[in-house]
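S.K.: One structure follows; several queries about it will come next.
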Amino acid sequence: MIWVTLALLALATALCMALGTGWLHTRYRLGRLADDAARIATWDRRARLDEGMGPIGRIGGAFNLVVRDATDQLDEARRRDDRLRELLADLAHDVRTPLSALKLGLGSLPDAGALRAEVEHLDGLFANVATLVQLEASRIPLRRKTLPLGPMVERVIWRFGVIATDRGVSLNGSVPEEVLLANVDPVAFEQAVGNLVHNAVKFCRENVAVVLTAEGDEVALRVLDDGPGVTMDEVPALLERGTRGPTGLDRGRPGQGLGLAIARSIAEGHHGALIIGPCKAGGTCAEIRVARVS
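Each number in my numbering comes from the position in the sequence shown (counting from 1) with 160 added on.
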């Protein structure tokens, strides 16, 4: 009888050990499953679940099929986005080239201010589209050089002067006699300043002022208008792509809602900042600050 009891005890011990070993193995595989799933959640494209034997392996195999299908669809969507970005970039370039020639031709014609204003408006729209393509691709090629900002500001005021005149707006600039140097990409920085001026001309009532000053180790470019103004609570939304300003004073020219967002990206790309807020005397003040070069 004692031998039967000992045999039963040995069998029970063996079963417990087998169950314990199996449970430990199951816990190990579940732990690996959780770790691999966490890697997939962080977009680790090489991560896959264990496809061993048993129910856990079948779960891993089925999940891997879903991951592979989703990855293939994502890759195809990215390829389509890349092709669309290239198409938009080519389109913007192809349209802006004849627009530039048209601007030169109109500059020599009398009484062509209204038409030139339309061309400037279109050129600004396509410039923003081209920059948006670069932003979406996370690449803004900045080719910086040290140059005086005064002539650039005066050029922007001259360019948008025809739009201001066409809309019955007074556009004035204040550039100091002192040469203010900054290390900027001339094309991108001029586009950012132009976006601020264009925006102010669209939404002002009668007056826009552009002021270039030196403040310590920075250069500040301010664009002030006498429009409806903004509150500080409204500023974050205005700096998002696709957000348009108030339509009441838009003078029948709805934009893309890109100008301020692009200006901010360009300013930050120069390690500077775009600051938007209400003016003390009413209206809106938009300011770009960048480091000054001695």
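Glycine included, each C-beta is placed from N, C-alpha and C at the ideal position.
1) Between Asp377 and the rest of its own chain, which residues show a CB-CB distance below 8 Å, the 5 nearest in sequence each way excluded?
2) Determine the burial state of Gly493: buried for a count of at least 16 other Cβ atoms within 10 Å of its Cβ, exposed for fewer.
3) Go through the stretch 325–368 residue by residue and report every complete run of the alpha helix (DSSP H) that reaches 4 residues or more, in order.
4) Whose C-alpha, out of Gly437, Arg240, Asn359, Val316, is nearest the C-alpha of Asp393?
5) Considering only residues of the same chain and omitting the five flanking positions on each side of Arg319, which have a CB-CB separation below 8 Å?
6) Measuring alpha carbon to alpha carbon, tell me which of Glu236, Arg327, Gly432 ends up nearest Cys364.
7) With a threshold of 16 other CB atoms inside 10 Å of the CB of Gly408, please say whether the residue is buried or exposed.
8) Cα separation between Ala237 and Thr231?
9) From which residue to which residue does the alpha helix (DSSP H) around Ala397 run?
10) Does the separation of the CB atoms of His430 and Val344 fall below 8 Å?
11) As a quick exercise: from Cys439, Gly310, Leu418, pick the residue whose alpha carbon is nearest that of Asn342.
12) State yes or no: is the C-beta of Leu372 within less than 8 Å of the C-beta of Pro336?
13) Between the Cα of Gly387 and the Cα atoms of Glu350, Asn359, Leu340, Ala374, which residue gives the shortest distance?
14) Between the Cα of Glu350 and the Cα atoms of Glu400, Ala374, Arg424, which residue gives the shortest distance?
15) Could you tell me which residues DSSP pairs with Ile422 in its beta bridges?
16) In this structure, does DSSP put Pro303 in helix, strand or coil?
17) Taking its Cβ as the centre, do 16 or more other Cβ atoms sit within 10 Å of Ala433, making it buried, or is it exposed?
18) DSSP puts Glu447 in a beta bridge; with which residues?
19) Where does Val390 sit, in a helix, a strand or coil, going by DSSP?
20) Please report the distance separating the alpha-carbon of Leu331 from that of Thr444.
21) Quick check on this structure: which residue in Val361, Arg240, Asp385, Glu366 has the alpha carbon closest to the alpha carbon of Cys439?
22) Tell me which same chain residues have a C-beta within less than 6 Å of the C-beta of Arg303, skipping the five on either side of it?
23) Look at the Cβ atom of Val370, then the Cβ atom of Ile323, and state whether they are nearer than 8 Å.
24) Would DSSP call Ala441 helix, strand or coil?
25) Are the CB atoms of Leu356 and Ala446 nearer to each other than 8 Å?
26) Restricting to Cα atoms, I'd like to know which of Gly321, Leu418, Asn367, Ser454 is closest to Val379.
27) In this structure, how does DSSP classify Arg411 when only helix, strand and coil are distinguished?
28) When the Cα atoms are used, what is the spatial distance from Gly412 to Glu338?
29) Buried or exposed: where does Ile448 fall if 16 or more other Cβ atoms within 10 Å of its Cβ makes it buried?
M.R.: Quick answer:
1) Counting only Cβ-Cβ distances below 8 Å, and skipping sequence neighbours, we find Ala451, Arg452.
2) Nothing can be reported for residue 493, as the shown portion of the chain is limited to 161 through 454.
3) Counting only runs of 4 or more, we get 346–363.
4) Closest option to Asp393, Cα to Cα, is Gly437.
5) Sequence-distant partners of Arg319 (beyond 5 residues in either direction) whose C-beta falls short of 8 Å from its own C-beta, in its chain, are Glu280, Gly354.
6) Ranked by Cα distance from Cys364, the options Glu236, Arg327, Gly432 are led by Arg327.
7) For Gly408, the pLDDT reaches just 45, beneath the cut-off of 50, and the residue's location in the model is therefore unreliable, leaving the point undetermined.
8) In a straight line, the C-alpha of Ala237 is about 10 Å away from that of Thr231.
9) Run containing Ala397: 395–398, per the alpha helix (DSSP H) assignment.
10) Yes, Cβ-Cβ distance for His430 and Val344 is below 8 Å.
11) Position check: residue 342 holds Ala in this sequence, whereas Asn was assumed. When only C-alpha atoms are compared, the closest one is Gly310.
12) For Leu372 and Pro336, yes; Cβs fall inside 8 Å.
13) Closest option to Gly387, Cα to Cα, is Asn359.
14) Of the candidates Glu400, Ala374, Arg424, Arg424 places its Cα closest to the Cα of Glu350.
15) Partner residues in a beta bridge of Ile422, as assigned by DSSP, do not exist.
16) Residue identity check: residue 303 is Arg in the sequence provided, not Pro. If DSSP states are grouped into helix, strand and coil, Arg303 belongs with coil.
17) That one is exposed.
18) For Glu447, which the question treats as bridged, DSSP gives the partners Arg382, Ile435.
19) DSSP places Val390 in coil when its eight states are reduced to three.
20) Taking the CA atoms as reference points, Leu331 sits about 15 Å from Thr444.
21) Looking at Val361, Arg240, Asp385, Glu366, the one whose alpha-carbon comes closest to that of Cys439 is Asp385.
22) Residues Asp345 of the same chain have their beta carbon placed closer than 6 Å to that of Arg303, with the five preceding and five following residues left out of the count.
23) No, the pair does not count as a contact, with Cβ atoms beyond the cut-off.
24) Reduced to three states, the DSSP call for Ala441 is coil.
25) In contact: Leu356 and Ala446 (Cβ atoms closer than 8 Å).
26) When each option's Cα is compared against that of Val379, the closest is Ser454.
27) Residue placement at Arg411 cannot be trusted, given a pLDDT of 48 that sits under 50; the coordinates are not used to answer.
28) Any answer about Gly412 is weak, because its pLDDT of 46 lies below 50 and its placement is not dependable; what the coordinates show is given next. Those two C-alpha atoms are separated by around 39 Å.
29) By the Cβ neighbour-count rule, Ile448 is buried, with 16 or more other Cβ atoms within 10 Å of its own.
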